[in-house]
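Worksheet: one structure, shown below.
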Amino acid sequence: MKGKYSKLPNTDSICFFGTRPSNLITIPDDHVNDAPSESPPKSKKTRRSRYDPEPDWSAMVRAKVTKTQHRVGQACDRCKLKKMKCTPDPGGCACCLILNIPCKVTDRVTGETWVRGEAGRMRAIIESLKKQTEDLKEQVTQLQRKNAQLQDSLDGSYRANLMDHFEQDLDPGHHHHSKL
């Protein structure tokens, strides 16, 4: 018999709907459960509480990708159009390297085209520039300290020199009179 069935409240039987009450047939649960199942029951995944911290989704994707490294994340434009197997080499796929052409990949979201491996090279350049910037900041700080020390020593010698002139001017035995 085919039809929808549902547990009836307060009974241990299954009822087929779509029949008139006079034709109502009930089948005990033990007869229904004896049927072989087509697939094993799926285990329920535990849900994250809303108070739990957000998981690192990127780390989960990276773990999945490193487990199954059979596929390239995204084929280069040439291999995609030619429907060829593309290798995941960072400097360019094997086909593009053999043909000595730039291995270009178009981003699916933004539509921008990049040479494969360019993002990694850019990251390395950015890190290098950050290091140079930090080194230059440190040099500027050292030069500012040295400049302040030199300024203080100049100010001190200037004051001493100025005081010598004032003392000479205040000395009654030593007068500068210009002849008019």
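In the numbering used here, the protein residues as written are 116 to 295.
Yeah, the Cβ is synthetic: ideal placement off N, Cα and C, and Gly gets one too.
May I ask you to verify whether the stretch 165-182 touches the stretch 191-205, counting CB pairs closer than 8 Å and requiring at least 3? no
Can you give the Cα-Cα distance for residue 245 and residue 237, rounded to whole angstroms? When rounded, the distance between both Cα atoms is 12 Å.
At a cut of 8 Å, does the stretch 224-236 reach the stretch 199-211 through at least three beta carbon pairs? yes
Apart from the five residues on each side of it in sequence, which residues of its chain come closer than 7 Å, Cβ to Cβ, to residue 199? Same-chain partners within the cutoff: 210.
By DSSP, does residue 225 sit in helix, in strand, or in coil? Residue 225 falls in the coil class under three-state DSSP.
Which residue spans inside the stretch 230-291 form an unbroken alpha helix (DSSP H) run of at least 4? 233-285
Own chain partners of residue 222 with C-beta closer than 8 Å, once the 5 adjacent residues on each side are dropped: 228, 229
By DSSP's criteria, residue 219 is part of a beta bridge. Which residues make up the other side? 230
For residue 197, the three-state DSSP class (helix, strand or coil): helix
Would you kindly check if the distance between the Cβ of residue 189 and the Cβ of residue 220 is under 8 Å? yes
What's the gap between the Cα of residue 270 and the Cα of residue 239? For residue 270 and residue 239, the distance between alpha carbons rounds to 46 Å.
Where does residue 177 sit, in a helix, a strand or coil, going by DSSP? helix
DSSP three-state label for residue 211, please. Annotated three-state conformation of residue 211 is helix, per DSSP.
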